[in-house]
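FYI, in this note's numbering the residues of the sequence shown are 853 to 963.
Note sheet for the following structure.
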Amino acid sequence: MLIAFSRDYQNLKLILLSLSKERLNRKQKKILHYLYNTKIIINVTNLVHKLSIELNCSKSALWNNLNSLKKYGLINYSSLHNKGLPVKLTSIGKIISKELEEDKNDTKIRN
853 MLIAFSRDYQ
863 NLKLILLSLS
873 KERLNRKQKK
883 ILHYLYNTKI
893 IINVTNLVHK
903 LSIELNCSKS
913 ALWNNLNSLK
923 KYGLINYSSL
933 HNKGLPVKLT
943 SIGKIISKEL
953 EEDKNDTKIR
963 N
């Protein structure tokens with residue numbers, strides 16, 4: 853039973869990683885990269901301001917991408933019902949960010 857669960861978990865993880873690599877846009881990947889590497893504690897409004905400067909991107913585009921990442925369950929941040937929460941990668945968001953990071957490093961090594 854445990855072996856079957858472990859195999860199912862690995863298959864699910866591979867599917868999620870494959871979908872993420874294919875379906876996340878460049879900005880969403882950059883946001884995940886930023887959150888994975890900086891480990892800063894910041895609320896979403898301040899993050900949007902900071903990323904708009906660092907990524908040279910409009911705030912509305914960042915809000916759209918952050919909302920999508922939240923909807924996908926990759927990040928979490930405050931809302932009307934739970935104000936004051938900092939932006940954080942979820943456990944799945946951390947796994948995907950780590951894989952995207954490793955892929956990025958592998959690509960650099962091959963080139």
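Beta carbons: idealized from backbone N, C-alpha and C, even for Gly.
The structure displayed is predicted, hence computed values, not measured ones.
Option in the options with minimal Cα separation from residue i
i: Lys950; options: Lys873, Tyr929, Ile892 and Glu906; result: Lys873
i: Lys946; options: Leu937, Leu921, Ser930 and Asn934; result: Leu921
i: Asn809; options: Leu952, Leu937, Ile867 and Glu953; result: Outside the displayed range of the chain (853 to 963) lies residue 809, so it cannot be described from this structure.
i: Gly925; options: Ile893, Leu876, Thr890 and His933; result: Leu876
i: Glu906; options: Lys879, Arg859, Lys923 and Ser858; result: Lys879
DSSP beta-bridge partners of residue i
i: Lys940; result: Asn928
Rounded distance between the beta-carbons of residue j and residue i, thought under 8 Å
i: Cys909; j: Leu903; result: 7 Å
i: Ser930; j: Val900; result: No, Ser930 and Val900 are not in contact; Cβ-Cβ is about 13 Å, not under 8 Å.
i: Ile948; j: Leu869; result: 6 Å
i: Glu969; j: His885; result: Residue 969 falls outside the range modelled here, since the chain spans only 853 to 963, and no answer is possible.
Element boundaries [alpha helix (DSSP H), containing residue i]
i: Lys935; result: Note, Lys935: premise wrong, no alpha helix (DSSP H); not H, not E.
i: Leu887; result: Arg878 to Thr890
i: Ser912; result: Lys911 to Lys923
(message) Would the segment 923-942 count as touching the segment 904-913 if we require 3 or more Cβ pairs under 8 Å?
(response) Contact fails: fewer than three Cβ-Cβ distances are below 8 Å.
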